[in-house]
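Read the structure below first, then the notes.
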Amino acid sequence: MIDHYWPNGELLYEISPCFSKISVFMFFLVFQVVKGQNVWEKSGKFEGDIILRRSRNVMENSDRYWPNGELPYEIASNFNKSEKSIILSTLEFLANKTCLKPVSPREEHEGSILFTGEPGHGCSSTIGYWRKKNQKIYLDRDFGCLDFGTILHEVLHVLGFWHQHSAKDRDKYIEIVLDNVQKGLEYNFNKATHKTDSFGFDYDYESIMHYSAFAFSRNGRKTIIPKRTVRQGLPMGQRKELSEIDILKINKMYNCTPNVEVADDNAKFYRVKVIRIK
Ligand SMILES: [Zn+2]
């Protein structure tokens, strides 16, 4: 029944004017999910959602980690109550999984995070700690950024994470199919030239910092293909939660002592306990 498939994977559609603006936006989101594309891949920044600053050498440089694992943050008034509560529950989740401490800014804090919904920046952020007040994490509601996984992804950038798929050694683990990438957007698949650290952990297909198999696809075909067997865990490009390696990396960067207990063979994830050591 191949002749009943849409030619070239193109879905030609129109939306009747009888739907409200919000319904039209929901249709748009559904198409993104069908394509397996993350909203942050559409923000138009470097690698989709990274706002570049002077240096790309962040992960290796502990000056770019938030001092004492404290994350002073404020939430701009351009979010509504339910949007604020998603941001707060994301930070609470992070605090429960790691030893990071989201706090209200105090006088002695040289840097702080500002979650802002101002339009024009999609879902985007800078990488690491910049020792400045109101370092912005942009979460534009019209891009669908007010989502638990998307907020977590952006917060991990601010903690010092680059994308997993741009790691220097990524060619051992994934194939990038440039023929399937939208013209002019190939730079999203450049390999890192900066020094990054994997902290001794494996390449992480399950990371919330990995892009989806169809990222920036021009034809509905895969742009990222794993070269190794991927275990039946979180799907590549997932934006639902932190992978166990994401959690372990954060804890290593921020001097927490993870006490990893491997649950029984049938359990999906490790249980990770965290103890601050300084
Ligand atoms: Zn990103």
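In UniProt numbering, the protein residues as written are 1 to 278.
Beta carbons are placed, not taken as given, at the ideal position from N, Cα and C, and that holds for glycine.
Check	Outcome
First and last residue of the uninterrupted alpha helix (DSSP H) at residue 89	81 to 97
Assigned secondary structure, residue 158 (DSSP; H/G/I helix, E/B strand, else coil)	helix
Residue 149 beta carbon near ligand 1 (any heavy atom closer than 8 Å)	no
Residue 102 beta carbon less than 9 Å from that of residue 279	The chain is shown from 1 up to 278; residue 279 falls before or after that span and cannot be answered.
Which listed residue (94, 117, 185, 75) has its alpha carbon closest to that of residue 47	185
Cα-Cα separation between residue 241 and residue 167, rounded to whole angstroms	20 Å
Meets three-Cβ-pair contact criterion under 8 Å: the segment 147 to 160 and the segment 198 to 209	yes
Candidates 93, 87, 136, 71, of which the one nearest residue 50 by Cα	136
Cutoff 6 Å; reference residue 125; Cβ partners in own chain excluding five residues on either side	137, 154, 157, 158
Beta-ladder partner(s) of residue 113, from DSSP	73, 135
Residue 154 beta carbon near ligand 1 (any heavy atom closer than 8 Å)	yes
Extent of the continuous beta strand (DSSP E) run through residue 174	174 to 176
Cutoff 6 Å; reference residue 231; Cβ partners in own chain excluding five residues on either side	none
Cut-off 6 Å between Cβ atoms - residues of its own chain near residue 163, not counting five sequence neighbours on either side	47, 209
C-alpha gap between residue 119 and residue 69, whole angstroms	29 Å
Residue closest to residue 132, alpha-carbon to alpha-carbon, out of 181, 228, 63	63
Sub-9 Å separation of residue 222 and residue 214 beta-carbons	yes
Host beta strand (DSSP E) of residue 245 (start-end)	Careful: residue 245 lies outside any beta strand (DSSP E), inside the alpha helix (DSSP H) at 244 to 253.
CA nearest to the CA of residue 146, picked from 67, 85, 256	85
Residue 243 burial status per 10 Å Cβ neighbour count (16 or more: buried)	buried
Beta-bridge partners of residue 198, as assigned by DSSP	For residue 198, which the question treats as bridged, DSSP gives no partner whatsoever.
Candidates 100, 227, 199, of which the one nearest residue 249 by Cα	199
Environment of residue 202 [buried if 16+ CB atoms lie within 10 Å]	exposed
For residue 102: DSSP bridge partner residues	71
Length of the line joining the Cα atoms of residue 27 and residue 141	Here residue 27 scores only 46 on pLDDT, less than 50, and its place in the model is too uncertain to base an answer on.
Same chain, Cβ closer than 7 Å to residue 180, neighbours up to 5 away in sequence not counted	217, 218, 219, 221, 222, 223
Contact belief for residue 65 with residue 253 at Cβ below 8 Å, rounded distance in angstroms	6 Å
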